[in-house]
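What follows is a short report on a single structure.
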Amino acid sequence: MSIDIDTARRVAKLARIRVEEADLPALAGELSGILTFMEQLNEVDVTGVEPMTSVTPMRLKRRKDEVTDGNIQSQILKNAPDAREGFFAVPKVVE
Amino acid sequence: MLDISYEAPRPKIIAGATGDWELVIGMEIHAQVASNAKLFSGASTQVGAEPNSNVAFVDAAMPGMLPVINEFCVEQAVRSGLGLKAQINLRSAFDRKNYFYPDLPQGYQISQLYHPIVGEGEVLVEMGPGVARHVRIERIHLEQDAGKSIHDMDPNMSFVDFNRTGVALMEIVSRPDIRGPEEAAAYVAKLRQILRYLGTCDGNMQNGNLRADVNVSVCRPGDYERYQATQDFSHLGTRCEIKNMNSLRFIQAAIEYEARRQIAILEDGGKVDQETRLYDPDKGETRSMRSKEEAHDYRYFPCPDLLPLEIEQAWVDEIAASMPELPDAKKARFMADFGLTDYDANVLTAELDNAAFFEAVAQGRDGKQAANWIINELFGRLNKEGKSVTESPLSPAQIGGVLDLIASGEITTKMAKDLFEILWTEGGNPAEVAAARGMKQVTDTGAIERALDELIAANPDQVEKAKVNAKLAGWFTGQVLKATGGKANPAVVNQMVAQKLGL
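Here the protein sequences come in this chain order: Y and B.
For what it's worth, UniProt numbering labels the leading residue of the first sequence as 1, then goes sequentially.
For what it's worth, UniProt numbering labels the leading residue of the second sequence as 1, then goes sequentially.
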């Protein structure tokens with residue numbers, strides 16, 4: 001599969017990664033390279049094989065419905081570039 | 001169980017300039033699971049807490065934190081599925097829905113796109129006695145709620161609170177089987193009723209604990225039947241999705257507006273764009289959410305942090321064995337066992353508390369009379385004071401006591417209403433209060449007869465009038481009741497008046 005420049009630009013935008021226009025051709029080339037490498041896996045016939053989700057037979061870990069966490073407002077807000085009155089403050093988002 | 005066949009309601013028709021149009025509506029209901037802790041963290045779901053205090057590092061998406069599923073939330077999804085007579089999938093899985101928004105710290109929502117926990121089910125939506133729409137449920141999946149942004153605290157900033165982030169939601173997806181605004185509201189109300197019976201969601205729409213995304217399209221008469229016959233969506237019009245509505249009234253108004261907007265476009269020779277819209281209740285219109293356009297590429301993929309969710313049939317059976325009686329069954333039983341009308345049965349089964357109160361009163365008594373007293377006297381009085389049935393000053397035993405006094409002929413209906421009023425304000429045992437207040441129906445026909453004889457003797461002109469116009473005999477009944485201080489049984493007096501006057 002080959003990634004063209006438009007697709008590379010779109011993927012960068014969806015991932016909120018700023019990529020300069022001049023860097024896009026190289027990026028598209030690298031992404032295409034990675035995908036082409038991965039495509040070798042398509043040579044294996046996996047019809048009827050269930051996707052493997054774990055290497056050891058494990059059951060999804062569950063929790064009881066008990067409040068065991070929270071009340072750490074100052075720690076939650078600690079890394080925020082801006083926080084006011086207990087809220088994260090972000091540039092205005094209006095619908 | 002109930003074996004009533006219902007007639008399907010007629011679809012709503014909107015007359016356009018170029019002919020009739022019909023509506024086709026499908027809904028996605030987001031119902032918050034009534035749990036103590038969040039879906040994947042141990043933070044509380046309580047509303048009204050300090051901002052960002054019900055937040056664990058998992059909810060804030062701190063690096064390295066891993067989600068661990070709340071088993072109770074899984075159980076509630078299964079219970080809800082069983083309540084909608086739906087297929088329960090013993091193996092389901094979680095996926096990431098990727099988009100960026102300030103209220104979504106992870107940058108993705110954990111949801112279940114490919115393998116939902118609940119498959120196809122059905123909801124019966126009654127639109128009147130004997131008329132109901134069968135709305136097919138496509139699926140229910142578990143997912144995380146997002147946080148909340150506040151835009152009016154600062155002119156340049158939005159403030160974000162993650163208390164709601166990660167709270168468990170059940171998204172209940174219907175097929176496009178709803179055919180008008182009233183049906184849409186009735187569908188939401190019915191779903192809410194079922195979830196409240198099950199206890200899986202509190203149904204509080206004002207707090208946003210139950211909210212609806214509504215997909216609306218319009219088509220020509222006959223198109224919908226072609227879709228139903230083939231399940232081929234190409235027979236239907238292009239749909240628009242109206243997001244996030246938490247009022248039955250707004251849902252109806254938004255659908256009505258949206259259908260007319262689409263019809264106007266089509267009749268002008270235009271094309272409806274598939275898009276997401278918001279309803280503005282102040283203006284009474286829907287408008288496009290342009291900001292979401294770019295976000296429609298969600299790049300779903302299986303969530304690598306979570307193994308597939310595998311549950312055992314034995315556990316599902318256990319949940320099924322603990323299911324309460326659901327609204328349809330309860331209503332049918334009330335009608336069959338207590339002889340209630342369709343209307344009364346609807347009122348009394350609307351809320352579980354109403355039904356329990358009624359049953360406590362009706363047990364061993366005349367069900368129809370119990371229903372009348374509860375609906376007319378008790379609910380009327382409760383409404384007036386803005387109270388719910390759980391806050392009723394009168395217990396089922398007290399109302400039952402009043403009904404027993406009427407049934408045994410000890411008090412008249414009129415006295416019973418006075419007694420009700422006294423019990424409401426002062427409390428007490430009905431029989432004792434009635435005795436203490438001298439509320440006792442005069443059953444002694446001799447006393448009634450004496451009073452009537454005196455009246456007849458003293459009012460010959462009234463006797464003549466009554467003989468000409470039998471309706472005027474009521475005057476004598478009224479006077480006898482007055483003379484006996486309201487303690488005589490009106491039916492007995494009426495009969496005696498008619499007899500004495502030879503009517």
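Just so you know, even glycine gets a beta-carbon here, dropped at the ideal spot from N, CA and C.
Among Met-65(B), Asp-317(B), Ala-184(B), Tyr-224(B), nearest to Ser-247(B) - alpha-carbon criterion: For the residues Met-65(B), Asp-317(B), Ala-184(B), Tyr-224(B), the minimum Cα distance to Ser-247(B) belongs to Ala-184(B).
According to the Cβ coordinates, are Tyr-224(B) and Pro-11(B) closer than 9 Å? Yes, the Cβ-Cβ distance between Tyr-224(B) and Pro-11(B) is below 9 Å.
At 8 Å on the CB atoms, spell out the chain Y contacts of Gly-42(B), in chain order. Per Cβ cutoff of 8 Å: Arg-63, Glu-66, Val-67, Thr-68, Asp-69, Gly-70.
Give the interface partners of Asp-161(B) over in chain Y, defined as CB-CB distance under 9 Å, in chain order. Result: Gly-86, Phe-87, Phe-88.
Between the Cα of Asp-280(B) and the Cα atoms of Glu-385(B), Leu-405(B), Ser-288(B), which residue gives the shortest distance? Closest by alpha carbon: Ser-288(B).
Are there three or more Cβ pairs, one per stretch, closer than 8 Å when the region 350-358 of chain B is compared with the region 103-120 of chain B? Judged by Cβ distances under 8 Å, the region 350-358 of chain B makes no contact with the region 103-120 of chain B, as fewer than three pairs qualify.
Tell me the rounded alpha-carbon separation between Arg-133(B) and Ile-265(B). Whole-angstrom Cα-Cα distance: 29 Å.
Can you pull the chain B residues whose beta carbon is under 9 Å from the beta carbon of Arg-59(Y), in chain order? Near Arg-59(Y) (Cβ distances below 9 Å), the residues of chain B are Leu-307, Glu-310.
What three-state label does DSSP hand Asp-461(B) in the structure shown? Asp-461(B): helix per DSSP, three-state reduction.
Mind pulling the chain Y residues with CB within less than 8 Å of Phe-72(B)? Chain Y residues near Phe-72(B): Lys-64, Asp-65.
Alpha carbon of Ala-254(B) to alpha carbon of Ile-242(B), nearest angstrom: Spanning the two alpha carbons is a distance of roughly 8 Å.
Exposed or buried, Lys-61(Y), counting other C-beta atoms within 10 Å across all chains shown (16 or more means buried)? By the 10 Å Cβ count, Lys-61(Y) comes out exposed.
Under 9 Å between beta-carbons, which chain Y residues line up against His-151(B)? List them in chain order, please. Residues of chain Y with a Cβ closer than 9 Å to the Cβ of His-151(B) are, in chain order, Lys-92, Val-93, Val-94, Glu-95.
Going by DSSP in three states, residue 584(B) sits in which element: helix, strand or coil? There is simply no residue 584(B) to check, as chain B begins at 1 and stops at 503 in what is shown.
Can you list the residues of chain Y that Met-157(B) reaches, using a CB-CB cut of under 8 Å? Residues of chain Y with a Cβ closer than 8 Å to the Cβ of Met-157(B) are, in chain order, Asp-82, Arg-84, Ala-89, Val-90, Pro-91, Lys-92.
Could you have a look at Met-1(B) and say whether DSSP puts it in helix, strand or coil? Bear in mind that the predicted position of Met-1(B) carries a pLDDT of just 43, short of 50, making it unreliable; the figure below should be weighed with that in mind. DSSP places Met-1(B) in the coil class of the three-state scheme, outside both helix and strand.
Please state whether DSSP places Asp-444(B) in a helix, a strand or coil. Three-state result, Asp-444(B): coil.
So who's on the other strand from Val-216(B), going by DSSP bridges? Val-216(B) pairs with Ile-25(B), Cys-240(B).
For Leu-124(B), which three-state DSSP category applies? Of the three classes helix, strand and coil, the one that applies to Leu-124(B) here is strand, per DSSP.
Counting only beta-carbon separations shorter than 9 Å, does Pro-327(B) have a partner in chain Y? Chain Y, which has no Cβ nearer than 9 Å to the Cβ of Pro-327(B), makes this no.
Indicate, with yes or no, if the ligand HEM has a heavy atom lying under 8 Å from the CB of Leu-84(B). The ligand HEM is absent from the structure shown, which contains no ligands of any kind.
Is the Cβ-Cβ distance between Ala-137(B) and Ile-117(B) less than 9 Å? Position check: residue 137(B) holds Ile in this sequence, whereas Ala was assumed. No.
For Asn-209(B) versus Gln-441(B), is the C-beta distance shorter than 9 Å? The beta carbons of Asn-209(B) and Gln-441(B) sit no closer together than 9 Å.
Extent of the continuous beta strand (DSSP E) run through Val-97(B): Correcting the residue identity first, residue 97(B) is Lys in this sequence and not Val. Where Lys-97(B) is concerned, the enclosing beta strand (DSSP E) stretches over 95-98.
Is the shortest distance between the beta-carbon of Ala-356(B) and the beta-carbons of chain Y less than 9 Å? No, its Cβ sits nowhere closer than 9 Å to a Cβ of chain Y.
Compare the C-alpha of Ile-3(Y) against each of Ile-34(Y), Ile-72(Y), Lys-78(Y), Asn-42(Y) and name the closest. The shortest C-alpha separation from Ile-3(Y) is found at Ile-34(Y).
Anything in chain Y within Cβ reach of Ile-69(B), meaning under 8 Å, just list it in chain order. Correct list: Leu-60, Lys-61, Arg-62, Arg-63.
Do the CB positions of Asn-98(B) and Arg-299(B) come within less than 9 Å of each other? Yes.
Does any C-beta atom of chain B lie closer than 9 Å to the C-beta of Ile-34(Y)? No, its Cβ sits nowhere closer than 9 Å to a Cβ of chain B.
Which residues, in order along the region 201-217 of chain B, keep a beta-carbon less than 8 Å from a beta-carbon of chain A? Note that chain A does not occur in the displayed structure, where the protein chains are Y and B.
For Ser-53(B), return the contacting residues in chain Y, with the cut-off set at a CB-CB distance below 9 Å. Residues of chain Y with a Cβ closer than 9 Å to the Cβ of Ser-53(B) are, in chain order, Gly-70, Asn-71, Ile-72, Gln-73, Ile-76, Gly-86.
I want to verify the contact list: residues of chain B whose CB lies under 7 Å from the CB of Ser-2(Y), in sequence order. In chain order: nothing, as chain B lies at least about 19 Å away.
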